[in-house]
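Order-wise, the sequence lines are chains C and Z.
Residue 103 in the numbering used here sits at position 93 of the first sequence, and the numbers go up by one each step.
Residue 350 in the numbering used here sits at position 75 of the second sequence, and the numbers go up by one each step.
Comments concern the structure below.
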Amino acid sequence: KAGVTQTPRYLIKTRGQQVTLSCSPISGHRSVSWYQQTPGQGLQFLFEYFSETQRNKGNFPGRFSGRQFSNSRSEMNVSTLELGDSALYLCASSRRPGTGNIQETQYFGPGTRLLVL
Amino acid sequence: AQSVTQLDSHVSVSEGTPVLLRCNYSSSYSPSLFWYVQHPNKGLQLLLKYTSAATLVKGINGFEAEFKKSETSFHLTKPSAHMSDAAEYFCVVRSTGANNLFFGTGTRLTVIP
Numbered sequence: 011k012a013g014v015t016q017t018p019r020y021l022i023k024t025r026g027q028q029v030t031l032s033c034s035p036i037s038g039h040r041s042v043s044w045y046q047q048t049p050g051q052g053l054q055f056l057f058e059y060f061s062e063t064q065r066n067k068g069n070f071p072g073r074f075s076g077r078q079f080s081n082s083r084s085e086m087n088v089s090t091l092e093l094g095d096s097a098l099y100l101c102a103s104s105r106r107p108g109t110g111n112i113q114e115t116q117y118f119g120p121g122t123r124l125l126v127l
Numbered sequence: 276a277q278s279v280t281q282l283d284s285h286v287s288v289s290e291g292t293p294v295l296l297r298c299n300y301s302s303s304y305s306p307s308l309f310w311y312v313q314h315p316n317k318g319l320q321l322l323l324k325y326t327s328a329a330t331l332v333k334g335i336n337g338f339e340a341e342f343k344k345s346e347t348s349f350h351l352t353k354p355s356a357h358m359s360d361a362a363e364y365f366c367v368v369r370s371t372g373a374n375n376l377f378f379g380t381g382t383r384l385t386v387i388p
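The structure is reproduced here in structure tokens:
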């Protein structure tokens, strides 16, 4: 079974531009989460999508947005890029969202490394 | 609120010696805890997870972790380090009733030949 795939793997943008990153979950997985990894802030949760709906959102400004398609593929968009947005963006998928005591293991993709100049 | 604290930012061991990576958690409820590993320029790989079925959890590549409620700890151990174990290790707690994960700051493991 193929793992989580993310495209592109590397990206260079300039301040003020916008960027769209893509994530394809493991086949059969319907929940997709996004995380940002930076040396200063570590790994932080961005948002989670399930059935094309955003279920949870982390503490990020509105410039960060996402969506999920009917085939569970997800995209995240960052508008008006800032230097501080340079990071590794990781996507993770699970069969369904964790609720209550139900534990759903999240499987991570290799990430998209974004550099903002 | 859930959180985890990794007590060491960097651990260095000799090949063939035991590994101990320490993690304390904070949670109002019975936590869902994980250990992930990240090799350079790679994504995160799940090592093991605590499911409350057993306090001693065995993971991949010979790693295991013990959940100790009295000490609020979930330390990761391995009897004998291998060169391929050199990586960044993250202790993680899942938000109650949701799927978002809270990561520790990571412990970089160096294995000396």
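Where a beta carbon is used, it is the ideal one built from N, C-alpha and C, also for glycine.
All values derive from a computational prediction rather than experimental measurement.
(request) May I ask you to verify whether the stretch 19 to 27 of chain C touches the stretch 116 to 123 of chain C, counting CB pairs closer than 8 Å and requiring at least 3? (result) Below 8 Å, enough C-beta pairs join the stretch 19 to 27 of chain C and the stretch 116 to 123 of chain C to call them touching: three or more.
(message) Short of 7 Å Cβ to Cβ, which residues in the stretch 331 to 346 of chain Z face chain C?
(response) Residues: none.
(message) Here's a check: name, in chain order, each residue in its chain whose Cβ is nearer than 7 Å to the Cβ of residue 46(C), leaving out the five neighbours to either side.
(response) As a working mapping, residue 46(C) is identified with position 36 in the first sequence. Closer than 7 Å at Cβ, skipping near neighbours: 54, 56, 97, 99.
(request) Work out the CA separation of residue 308(Z) and residue 328(Z) for me, nearest whole Å. (result) Numbered from its first residue, the second sequence carries residue 328(Z) at position 53. Numbered from its first residue, the second sequence carries residue 308(Z) at position 33. Roughly 12 Å between the two C-alpha positions.
(request) Hey, could you find the ends of the beta strand (DSSP E) residue 344(Z) is sitting in? (result) One-based indexing of the second sequence puts residue 344(Z) at position 69. Residue 344(Z) -> no beta strand (DSSP E), and no H or E assigned at all.
(request) May I ask you to list the residues that DSSP assigns as paired with residue 364(Z)? (result) Taking the second sequence and counting its residues from 1, the one referred to as residue 364(Z) is at position 89. Answer is 312(Z), 382(Z).
(request) Give the straight-line distance between the Cα atoms of residue 288(Z) and residue 386(Z), rounded to the nearest whole angstrom. (result) As a first step, residue 288(Z) must be located in the second sequence, where it is residue number 13. As a first step, residue 386(Z) must be located in the second sequence, where it is residue number 111. Distance from the CA of residue 288(Z) to the CA of residue 386(Z), rounded to the nearest whole angstrom, comes to 5 Å.
(request) May I have a chain-ordered list of the beta strand (DSSP E) segments no shorter than 3 residues that lie completely inside the stretch 37 to 82 of chain C? (result) Complete beta strand (DSSP E) runs here, min 3: 41 to 48, 52 to 60, 63 to 67, 74 to 78.
(message) If the criterion is Cβ atoms closer than 9 Å, does the pair residue 28(C) and residue 115(C) meet it?
(response) Locating residue 28(C) in the first sequence gives position 18, counting from the first residue. Locating residue 115(C) in the first sequence gives position 105, counting from the first residue. Result no, Cβ atoms of residue 28(C) and residue 115(C) do not sit closer than 9 Å.
(message) Using only the alpha-carbon positions, how far apart do residue 67(C) and residue 355(Z) sit?
(response) Position 57 of the first sequence, counted from the start, is the residue given in the question as residue 67(C). Position 80 of the second sequence, counted from the start, is the residue given in the question as residue 355(Z). Approximately 40 Å between the Cα atoms of the pair.
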